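Here it is, written out as structure tokens:
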């Protein structure tokens, strides 16, 4: 809170405690003190890692849209600040990597960043068709990239295997086609990450399989082997059980539950919990 004066958005705080922890903390790139703070954070983190790469992140800076609404060039504001951070990291002897989402909204400024920058190109839909263009854009500009799918286990009680299998497989296929340097399989912690560790593991295994062998196919034999290795279960396919449970959760995921809980306990308003029980009963029946 002592750095709150450096935020772009200084409006009323979101009353949902978990959402407040995650959103509207974009640092103001137009204040000199902002760069000093970022440099201080880099100085504190960098000595603890021996990798030649340093991830400056710089993703999801949605609040910068307020500058665009004022008639300013938010893309240039963004990239000018990122360049200063990248230059500082390079001065410290490290190579720069960063998330690519904001740059893809402003492709005209990609060329302004150092040529050796590694772009982390993420997307989490199960069939990421629009990623074809996004992955090819960096390839055709000669820029290095790593494709970044995810385990699809955040905002949920349990991983959604239908989503993670499609997302990881397709994004790795695009990366292999367009010469990506590799895969960074992600697992986030939105709303406290309620999913237990052992209900994140299959998405990680799929990422490892596709990372080592981009042409690999997820066969029933692979799934059974994963069930055996992860859960010591040869007779029962635990992966299939987790898949069905993930489908059940589509009726009401952890994020919806947290919005309902916050409204009714923290925010002083009463709301109904959105849940399609008919869908839930139909999915649960598949477990029998």
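In this note's numbering, the protein residues as written are 403 to 690.
Note that the Cβ used here is the ideal one computed from N, Cα and C, for glycine as well.
Here the structure is a predicted model, which is why all the values come from computation and not from measurement.
Confirm, please, whether the CB-CB distance from residue 491 to residue 529 is below 8 Å.
no
With C-beta atoms as the reference, is residue 561 less than 8 Å away from residue 615?
no
Should residue 544 go down as buried or exposed, given a rule of 16 or more other Cβ atoms within 10 Å for buried?
exposed
DSSP on residue 521, reduced to helix/strand/coil?
strand
Evaluate residue 458 with the Cβ neighbour count: other Cβ atoms within 10 Å of its Cβ, from every protein chain shown; 16 or more gives buried, anything less gives exposed.
Burial call: buried.
Which whole runs of the beta strand (DSSP E) in the region 419 to 459 are 3 residues long or more, in chain order?
Segments of the beta strand (DSSP E) lying fully in the region 419 to 459: 455 to 457.
If you draw a straight line from the C-alpha of residue 559 to the C-alpha of residue 526, how long is it?
One Cα belongs to residue 559, the other to residue 526, and the distance between them is close to 17 Å.
Here's a check: name, in chain order, each residue in its chain whose Cβ is nearer than 6 Å to the Cβ of residue 411, leaving out the five neighbours to either side.
426, 465
Report the three-state DSSP secondary structure of residue 553 (helix, strand or coil).
coil
Under the assumption that residue 620 contacts residue 571 (Cβ atoms under 8 Å), give the Cβ distance between them as a whole number of angstroms.
7 Å
Using only alpha-carbon positions, find the residue among 555, 495, 440, 469 that is nearest to residue 484.
440
With a threshold of 6 Å on Cβ separation, who are the neighbours of residue 508 within its own chain once the five nearest residues in sequence on each side are excluded?
Only 477 meet the Cβ criterion.
In this structure, what does DSSP give as the bridge partners for residue 588?
552
What do you get for residue 587, buried or exposed, if any count of 16 or more other CB atoms within 10 angstroms of its CB means buried?
buried
Taking only three categories from DSSP, how would you classify residue 496?
Looking at residue 496 - three-state DSSP - the assignment turns out to be coil, as it is neither helix nor strand.
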